[in-house]
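Asks: This structure is in structure tokens; I'll ask about it shortly.
Here it is as structure tokens:
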């Protein structure tokens with residue numbers, strides 16, 4: 661059964677653009693093997709990541725994230741069944757965007773629904789000319 665999860669975490673101090681690119685490159689490889697799709701948004705010191713796949717693959721991914729020293733304070737703000745993939749063309753895409761980051765902070769702090777961030781990221785996917 662297909663699921664979608666969205667978590668928000670705090671970026672480690674000193675994270676660079678190059679570090680982010682390495683994270684995405686490794687995630688793309690792992691996600692292709694596990695048939696996982698998704699997006700990583702970064703900005704304002706936070707990560708927001710959406711992953712889509714089967715429950716066991718997502719559980720493995722979450723366990724990896726919890727052990728990763730590049731971020732902390734991981735909060736799962738959405739975990740739901742999905743009828744279809746929203747990010748089907750991306751094994752993992754990096755979006756550096758302060759607006760998405762603010763929505764991530766709001767979702768993490770309970771000030772806005774996670775769906776608002778999910779919709780913003782879905783629009784990025786729909787408008788991406790490189791897919």
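Numbering (this note's numbering), first residue to last: 661 to 791. The C-beta atom is built at its ideal place from N, Cα and C for all residues, glycine as well. These figures come from a predicted structure and were not determined experimentally.
#1: Going by other Cβ atoms of all chains shown within 10 Å of its Cβ, with 16 needed for buried, is residue 778 buried or exposed?
#2: Start and end of the beta strand (DSSP E) containing residue 732?
#3: Going by C-alpha to C-alpha distance, which of 770, 755 and 782 sits closest to residue 707?
#4: What first and last residue would you give for the alpha helix (DSSP H) that runs through residue 669?
#5: Distance check for residue 700 and residue 687, CA to CA, integer angstroms please.
#6: In its own chain, which residues sit with a C-beta less than 7 Å from the C-beta of residue 703, not counting the 5 before and 5 after it?
#7: Taking just the CA atoms, how far does residue 667 sit from residue 752?
#8: From what residue to what residue does the alpha helix (DSSP H) around residue 774 run?
#9: Can the beta-carbon of residue 723 be found less than 8 Å from the beta-carbon of residue 662?
#10: Which residues does DSSP list as the beta-bridge partners of residue 722?
Replies: In this structure, then:
#1: For the purposes of this step, residue 778 is taken as the residue at position 118 of the chain shown. With a threshold of 16 other beta carbon atoms within 10 Å, residue 778 meets it and is buried.
#2: Position 72 of the chain shown, counted from the first residue, corresponds to residue 732. Segment 731-741, the beta strand (DSSP E) holding residue 732.
#3: Locating residue 707 in the chain shown gives position 47, counting from the first residue. Considering only alpha carbons, the answer is 755.
#4: The sequence position of residue 669 within the chain shown is 9, counting from 1. Residue 669: not part of any alpha helix (DSSP H); member of the beta strand (DSSP E) spanning 662-671, first to last residue.
#5: Taking the chain shown and counting its residues from 1, the one referred to as residue 687 is at position 27. Taking the chain shown and counting its residues from 1, the one referred to as residue 700 is at position 40. About 10 Å.
#6: In the chain shown, the residue the question calls residue 703 occupies position 43. Excluding residues within five positions, the ones whose Cβ falls inside 7 Å are 756, 757, 758, 760 and 761.
#7: Taking the first residue of the chain shown as position 1, residue 752 is located at position 92. Taking the first residue of the chain shown as position 1, residue 667 is located at position 7. Each residue's alpha carbon lies about 14 Å from the other.
#8: Here residue 774 refers to the residue found at position 114 of the chain shown. Residue range 774-787 is occupied by the alpha helix (DSSP H) that includes residue 774.
#9: Taking the chain shown and counting its residues from 1, one reaches residue 723 at position 63. Taking the chain shown and counting its residues from 1, one reaches residue 662 at position 2. Taking 8 Å as the Cβ cut-off, residue 723 and residue 662 do not qualify as a contacting pair.
#10: Here the question's residue 722 lines up with position 62 in the chain shown. BP columns for residue 722 are empty, so no partner.
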